[in-house]
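S.K.: Residue numbers (the working numbering), protein chains in the order written: chain A, 3 to 633; chain B, 3 to 219.
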Amino acid sequence: MDVLLDIAEPGESRDPHEMRPEDQRRVVGIDLGTTYSLVASVDREGKPRCIPDSQGRYSLPSVVYCQEKGGEAVFDIGYDARSAVADRPEDTIVSVKRFMGRGLEDIQKDNVTSPYHLHGAEGGMIRIEAAGRQISPVEISAEILRVLKDRAEEVLGGALFGAVITVPAYFDDAQRQATKDAGRLAGLNVMRLVNEPTAAALAYGLEEAREGMYAVYDLGGGTFDISILKLTQGVFQVMSTGGNSSLGGDDFDDSLSAYLLQEMGPVKQDAEMMQRIRQISRNAKEALTDADSVDVEVPRANGERFKKTITRELFDGLIKKLVRATGVPCRRALKDAGIVPTDLQGVVLVGGSTRVPAVRQFVADLFKHEPLCDLDPDQVVALGAAHQADLLAGNNRSDLLLLDVTPLSLGIETMGGLVEKIVPRNSPIPTARAQEFTTFKDGQSAMAIHVLQGERETVDECRSLARFELRGIPAMTAGAARIRVSFQVDTDGLLTVAAQEQTTGLAQSIEVKPSYGLSDGEIEQMLRDAMEHGASDIEERMLREARVEAERVLAALGAALKDDGHLLSESEKRKMKKDMRVLFDLSQAEDTQAINQGVSDLDKATGFFAQRRMDRSIQQAMAGKKLEDFG
Amino acid sequence: MSNLVACWSCKGPIATPRPAFCPTCKAIQPPDLQLSYFELFDQPKGFYLDLQSVEERYRTLQQAFHPDRYATRSPTEGRFSMEQVTRLNEGLQTLRDPLSRAGYLLQLEGRSPGDESSGAAPSDPAFLMEVMELREELESVDLDKENASEQLDQLRENAALRIHDEVQGIGDAFEEWYEENAVGALDSVALFMDRLRYHRRYLEEIDQMEERLFDRE
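#1: Using a Cβ cut-off of 7 Å, pull out every chain A residue sitting near residue 65(B), in sequence order please.
#2: Is it a yes or a no for the stretch 152-172 of chain A touching the stretch 67-77 of chain A, going by three-plus beta-carbon pairs under 8 Å?
#3: Would you list, in chain order, the members of the stretch 439-461 of chain A that have their beta-carbon closer than 7 Å to a beta-carbon of chain B?
#4: Should residue 76(A) be labelled buried (16 or more other beta-carbon atoms within 10 Å of its own) or exposed?
#5: Relative to the alpha-carbon of residue 110(B), which residue among 203(B), 36(B), 126(B), 197(B) has its alpha-carbon at the smallest distance?
#6: Using a Cβ cut-off of 8 Å, pull out every chain B residue sitting near residue 227(A), in sequence order please.
#7: Across which residues does DSSP place residue 294(A) in a beta bridge pair?
#8: Would you mind sorting residue 517(A) into buried or exposed? The rule is 16 or more other CB atoms within 10 Å of its CB.
#9: Assign residue 420(A) to buried or exposed, taking buried as 16 or more other Cβ atoms, counted over all protein chains shown, within 10 Å of its Cβ.
#10: Could you give the first and the last residue of the continuous beta strand (DSSP E) run that contains residue 194(A)?
#11: Please classify residue 5(B) as buried or exposed, where buried requires at least 16 other C-beta atoms within 10 Å of its C-beta.
#12: Would you say residue 93(A) reaches chain B, if we count a Cβ-Cβ gap shorter than 8 Å as a contact?
#13: Could you tell me which chain B residues have their CB closer than 8 Å to the CB of residue 396(A), listed as they occur along the chain?
#14: Quick one: does the C-beta of residue 587(A) sit closer than 7 Å to a heavy atom of the ligand MG?
#15: What does residue 29(B) reach in chain A if we use C-beta pairs closer than 9 Å?
#16: Can you grab the Cα-Cα spacing for the pair residue 2(A) / residue 311(A), in whole Å?
#17: Output, in chain order, the set of chain B residues within a Cβ distance shorter than 7 Å of residue 393(A).
#18: Going along chain B in order, which residues have a C-beta closer than 9 Å to the C-beta of residue 432(A)?
#19: Please name the residue or residues paired with residue 385(A) in a DSSP beta bridge.
#20: What span of residues does the beta strand (DSSP E) with residue 33(A) cover, start to end?
#21: Going along the stretch 33-57 of chain B in order, which residues come within less than 9 Å of chain A, judged by CB to CB distance?
#22: Out of 151(A), 58(A), 250(A), 216(A), which one is the CA nearest neighbour of residue 186(A)?
#23: Can you tell me whether DSSP reads residue 422(A) as helix, strand or coil?
#24: Do residue 88(A) and residue 302(A) have their CB atoms nearer than 8 Å?
#25: Quick test of the definition: if touching needs 3 or more C-beta pairs under 8 Å, does the stretch 196-207 of chain B touch the stretch 96-104 of chain B?
#26: Please specify which runs of the alpha helix (DSSP H), each continuous and at least 4 residues long, are wholly inside the stretch 542-629 of chain A, giving them in chain order.
#27: Give me, in chain order, the residues of the same chain whose beta-carbon lies closer than 6 Å to that of residue 164(A); leave out the 5 immediate sequence neighbours on both sides.
#28: In this structure, does DSSP put residue 261(A) in helix, strand or coil?
#29: Along the chain, where does the alpha helix (DSSP H) that runs through residue 146(A) open and close?
#30: Which complete alpha helix (DSSP H) runs does the stretch 27-100 of chain A hold, if anything under 4 residues is left out?
#31: Between residue 22(A) and chain B, is there a C-beta pair that is closer than 8 Å?
#32: Using C-beta distances below 7 Å, list every residue in its chain close to residue 144(B), excluding the 5 sequence neighbours before and after it, in chain order.
#33: Would you mind sorting residue 317(A) into buried or exposed? The rule is 16 or more other CB atoms within 10 Å of its CB.
#34: Confirm, please, whether the CB-CB distance from residue 353(A) to residue 222(A) is below 8 Å.
#35: Please confirm if residue 61(B) has its CB atom under 8 Å from at least one CB of chain A.
#36: With 9 Å as the limit, tell me which residues of the stretch 156-177 of chain B have their beta carbon closer than that to any beta carbon of chain A; keep them in chain order.
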């Protein structure tokens, strides 16, 4: 038996991509939530589990306390930071998810209340001023992710291969890009962004193995999502999705806070007091899940205490409008999926805010189904994400597959401030769409392209994602140029736009990214600044990629030798096997450059073999025989 | 004689139309754009389709092509998997929707698929009258009245019936074309498509009114 051929012929001995237990890749799913974040992984029995911290706690409060020490920013994260909320509210960032990928105007438009000093960055994401510096929401989120990464690496016993991070289904392009950037900044290999409701459904589907149509109602701390999914033989097909990326349980707290403030009468409303009342409101909300009423006490500045009994009925009244507001996206999602509530097999509840009894009742009435909540609504998203990570890493050979859609329509600005839709919402992704536009002036040499996201018809009511200009259009009469604008949405839901003048082939393409995200250069720079893992992470990745490529080349050549080896003389065959051995040995070592060189050397050395295979097939075809006859 | 192309990975010959995977080394290939959506989905070319079998074929091909299956492979394989699935999604959307399916069939016959954005100005006088009546009905809905929602539902139901008729018209015309090669059959397809577009737009307007009704809550 020829050992070399054995190595080169994995198709026969074993699939090179088949995992042995010892090379299961270490991967995690991360739920980067508004109020809490979690990390989970699939254990040896194939069951997803959340990973606790050293004190046995699963949730990490999404809170970051920024301090300055010796000219450097120092961060406390999670429980450590939460104690600082009351004392240093301006320097303690909570619910940073609400700021991800948003500009200053977005925040003002949404009326997001916050104690922070916010700054608009030039045409981009806001910066939060804390501890005397301006910090981007991406950096803050990266701090949270880094804690979860470290936790997972310690418990799992080694560096992570990659991670899946979840985002609300309703997140737009800028918010998704910001999340992915935060992952990269934390030194994670972000294998995929997965929509939270889809992840939750994945967790449920696995536990229960049910088929049919399901609605996933996900009300978190700061975001609301609804998805309608179809489950068929292991394929999770998202039919439609909708939501509101600035509506969540935090708003319930705000409603109760506003009520308490009103009842207290005149009071000094400084940041400290506001935070305290918010915390009291949150505790009251949580208590009202089981209790019919709860007594609250708020300390006044003069040392007295304001006391009040909050009944569930009163609380339900305060949040009624907010809860009803979730109904609109639900009805739209049902309509987009082309179904009525009775077509559903069930409704799944996700997110801590679905513990509120008024929410459960509302969901049951709306969908005419008693909602399912067998899994912990706080953990279910992370558990589903861990499963998806496991699938992506190839650790698991199941037939499960997630097929998602674009949450919002994508289009470009046309005459009169109108938006022409190019990719309609709820298109299955990845997707590519193109449309032709023309010039409207004689001799027009440039065309501005303004990319927008949203359902409304006018530019003002849609989210602006990017602007760019196609220049150098040759002089033509108005309407003669043909400019083809194409949109490509990848599996993360991220958009790339390209424009091309058809008659001349003049092309320009951009990744719709710099306007609200960070540029690749900025990320690399931040990574280098952090220097924790930065450089080694990048090298590690390049080595991994070089090995994958070498493996592919060897496998392909092995398959070719097996089918067409008879086209070579014995000495040529020996030489080729020797060359393959060289590359195989290189791929087992650590020198990235040597592997890449080896791949290209082998490619050159075997060019004659490829030529011979091709020539033989052409001769056969010429002889009037079908290729298949020789297979 | 079928043409030969080289596999990007093992460099071996592949006959066209190119299959999704190399017969020698099994590497995923870029999609062959010569293959029609009907061939891709393994369906007979025609307007009437077994949509359930389209969906089944879609899921089967997704299982084989999806980028999730290539997440740890080389970037080239990842890219081709993405291209295959993108085309698969385009195909599903084209075949699933009667209007885009009809437009695609016209294209395969060398005709223009018609203007997506038209449907605003019907030229047929009888249809013009119909359109005017429909418009009046829609304008008569008062969102402040309590029965607005039921009124909209009624209009939607009527529109759905008309859409059903136009789709039937398209199907019959295509049948005349494929079976008898009838002169003018494709012209009447285009006519029915225009009417269908109009009714679709009308339905969208009903939906927009309903959204306004939702927003009031």
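Each residue gets a CB set at the ideal place from its N, CA and C atoms; glycine is no exception.
M.R.: Taking the definition as stated:
#1: Against the second sequence, residue 65(B) aligns to sequence position 63. Those are 401, 403, listed as they occur along chain A.
#2: The stretch 152-172 of chain A makes no contact with the stretch 67-77 of chain A; the number of CB pairs closer than 8 Å stays below 3.
#3: Residues of the stretch 439-461 of chain A with a Cβ closer than 7 Å to any Cβ of chain B: none.
#4: As a position in the first sequence, residue 76(A) is number 74, starting the count at 1. Residue 76(A) should be labelled exposed.
#5: Here residue 110(B) corresponds to residue number 108 of the second sequence, with the count starting at 1. Restricting attention to 203(B), 36(B), 126(B), 197(B), the CA atom closest to the CA of residue 110(B) is found in 36(B).
#6: If you number the first sequence from 1, residue 227(A) lands on position 225. None at all; the shortest Cβ gap to chain B is about 17 Å.
#7: Sequence index remark: in the first sequence, residue 294(A) carries index 292 (1-based). Answer by DSSP bridge pairing: none, since residue 294(A) is not bridged.
#8: As a position in the first sequence, residue 517(A) is number 515, starting the count at 1. Model confidence at residue 517(A) stands at a pLDDT of 46, short of 50, so the residue's coordinates are unreliable; what they give is reported in the following sentence. Its Cβ being crowded by 16 or more others within 10 Å, residue 517(A) is buried.
#9: For this step, residue 420(A) is matched to residue 418 along the first sequence. By the neighbour-count criterion, in which 16 or more other beta carbons inside 10 Å mark a residue as buried, residue 420(A) falls on the exposed side.
#10: Reading the first sequence from its first residue, position 192 is the one you call residue 194(A). In the DSSP annotation of this structure, the continuous segment of the beta strand (DSSP E) that includes residue 194(A) starts and ends at 192-197.
#11: Translated into the one-based positions of the second sequence, residue 5(B) becomes position 3. Around the beta-carbon of residue 5(B), fewer than 16 other beta-carbon atoms lie within 10 Å, marking it exposed.
#12: Locating residue 93(A) in the first sequence gives position 91, where the first residue counts as 1. Not flagged as an interface residue toward chain B: residue 93(A), since no C-beta distance is shorter than 8 Å.
#13: For the purposes of this step, residue 396(A) is taken as residue 394 along the first sequence, with counting starting at 1. By Cβ distance, chain B contributes 73, 74.
#14: Questions concerning the ligand MG fall outside what the structure shown contains, since it holds no ligand whatsoever.
#15: For the purposes of this step, residue 29(B) is taken as residue 27 along the second sequence, with counting starting at 1. The answer, in chain order, is 554, 557, 558, 561.
#16: Residue 2(A) lies beyond the range of chain A shown here (3 to 633); nothing can be said about it.
#17: Here residue 393(A) is taken as the residue at index 391 of the first sequence, counted from 1. The contact set of residue 393(A) on chain B, defined by CB atoms closer than 7 Å, consists of 70 in chain order.
#18: Walking along the first sequence from the start, residue 432(A) turns up at place 430. Against chain B, the beta carbon of residue 432(A) has neighbours under 9 Å at 69, 84, 85, 87, 88, 91, listed in chain order.
#19: In the first sequence, residue 385(A) corresponds to position 383, counting from 1. Note: residue 385(A) sits in no beta bridge, so no partner.
#20: One-based indexing of the first sequence puts residue 33(A) at position 31. Start and end: 29-34.
#21: Against chain A - using a Cβ distance shorter than 9 Å - the residues of the stretch 33-57 of chain B are 57.
#22: By one-based count along the first sequence, residue 186(A) stands at place 184. Considering only alpha carbons, the answer is 151(A).
#23: Mapped onto the first sequence, residue 422(A) falls at position 420. It is a strand residue.
#24: Position 86 of the first sequence holds residue 88(A). Position 300 of the first sequence holds residue 302(A). No, Cβ-Cβ distance for residue 88(A) and residue 302(A) is not below 8 Å.
#25: Taking a cut-off of 8 Å for Cβ pairs, the stretch 196-207 of chain B and the stretch 96-104 of chain B touch, as three or more such pairs fall below it.
#26: Here the runs fully enclosed are 572-590, 594-607, 609-624.
#27: The residue given as residue 164(A) occupies position 162 in the first sequence. Same-chain partners within the cutoff: 29, 191, 193.
#28: Stepping through the first sequence from its first residue, residue 261(A) is reached at position 259. In the structure shown, the three-state DSSP call for residue 261(A) is helix.
#29: On the first sequence, position 144 is the one that residue 146(A) refers to. Here the alpha helix (DSSP H) through residue 146(A) covers 139-158.
#30: Taking only runs of at least 4 residues, the alpha helix (DSSP H) segments lying wholly in the stretch 27-100 of chain A are 81-84, 86-89.
#31: For the purposes of this step, residue 22(A) is taken as the residue at position 20 of the first sequence. Because residue 22(A) sits at a pLDDT of 48, beneath the cut-off of 50, its placement in the model cannot be relied upon, and the point is left open.
#32: Walking along the second sequence from the start, residue 144(B) turns up at place 142. Hits under 7 Å: 150.
#33: Taking the first sequence and counting its residues from 1, one reaches residue 317(A) at position 315. The residue is buried, with at least 16 neighbouring Cβ atoms inside 10 Å.
#34: Numbered from 1 along the first sequence, position 220 holds the residue referred to as residue 222(A). Numbered from 1 along the first sequence, position 351 holds the residue referred to as residue 353(A). In this structure, residue 353(A) lies closer than 8 Å to residue 222(A) by Cβ.
#35: Residue 61(B) sits at position 59 when you count from the first residue of the second sequence. With 8 Å as the cut-off, residue 61(B) counts as an interface residue toward chain A.
#36: Of all residues in the stretch 156-177 of chain B, none has a C-beta nearer than 9 Å to a C-beta of chain A.
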